[in-house]
Amino acid sequence: MDDAKAQRAAAKAYAKAQRPWYRKKRFIIPLALVVVGVIAVSSGEESEAGSTTTGSSTTSEGNAAPKPSYTKSQEEAIEAAESYLDTGHFSKKGLIGQLSSSAGEGFTRAEAEHAVTTVDADWKAEAVEAAESYVELGGFSRSGLIDQLTSSAGEGFTQAEAEYAVTKVGL
82 MDDAKAQRAA AKAYAKAQRP WYRKKRFIIP LALVVVGVIA VSSGEESEAG
132 STTTGSSTTS EGNAAPKPSY TKSQEEAIEA AESYLDTGHF SKKGLIGQLS
182 SSAGEGFTRA EAEHAVTTVD ADWKAEAVEA AESYVELGGF SRSGLIDQLT
232 SSAGEGFTQA EAEYAVTKVG L
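Residue numbers for the sequence shown follow the working numbering, beginning at 82 and rising by one.
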């Protein structure tokens, strides 16, 4: 089972690495931000032109809210967070610690927290992956595994995430 899981992970990583440059997030996200910015500026000019004739009765119907723009450091932190989630199992707290650690990525705590809240992560699924890896090692009772998953010296998952994961792995 470990072999199959490792092969799937390797295949996923290989496929991701083989993407053409224009399909990678580090190209698509800034491009999307530029496009949204151009659209926002052009719609803003139209709104200003329309407001002179309609007065205060103008509405923002049909105007999409622009996507937030990030600093280069925030973008790097988001990319690092996604990379960690693709390769391992992290709790929200553990990922913030990894990103902000001087032994890890060295981002500021604010950048790490921003990245972790921005990525699309399923923290319960991450807890299940962590629990599965501990079960493979063996020697854990239900309460012992919950303690390991919630420990600040361990994984740092919430109590609810740990209980969900332990139930999913059959303990």
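Glycine residues also receive a C-beta, built at the ideal position from the N, C-alpha and C atoms. In this text, all values refer to a predicted model and were calculated from it rather than measured experimentally.
Residue i - DSSP class collapsed to helix/strand/coil
i	result
Ser232	coil
Glu127	Residue placement at Glu127 cannot be trusted, given a pLDDT of 48 that sits under 50; what the coordinates show is reported in the next sentence. Glu127: helix per DSSP, three-state reduction.
Glu210	helix
Glu186	coil
Ala196	helix
Thr140	For Thr140, the predicted model reports a pLDDT of 47, less than 50, meaning its position is unreliable and no value from the coordinates is stated.
Leu226	helix
Gly175	helix
Ser252	As written in the sequence, residue 252 is Leu, which differs from the Ser given in the question. If DSSP states are grouped into helix, strand and coil, Leu252 belongs with coil.
Ala202	coil
Gly118	helix
Supposed close pair residue i, residue j - CB separation, criterion 8 Å
i	j	result
Ala211	Leu230	6 Å
Glu213	Val247	At roughly 10 Å, the Cβ-Cβ gap does not stay under 8 Å, so Glu213 and Val247 are not in contact.
Tyr245	Ala208	6 Å
Val197	Leu218	Val197 to Leu218, Cβ: 26 Å. No contact.
Span of the alpha helix (DSSP H) around residue i
i	result
Ser164	Lys153 to Thr168
Glu242	Gln240 to Lys249
Ser150	Where Ser150 is concerned, there is no enclosing alpha helix (DSSP H), given that its DSSP letter is neither H nor E.
For the 8 Å Cβ check, are there 3 or more pairs between the stretch 190 to 202 and the stretch 224 to 232? no
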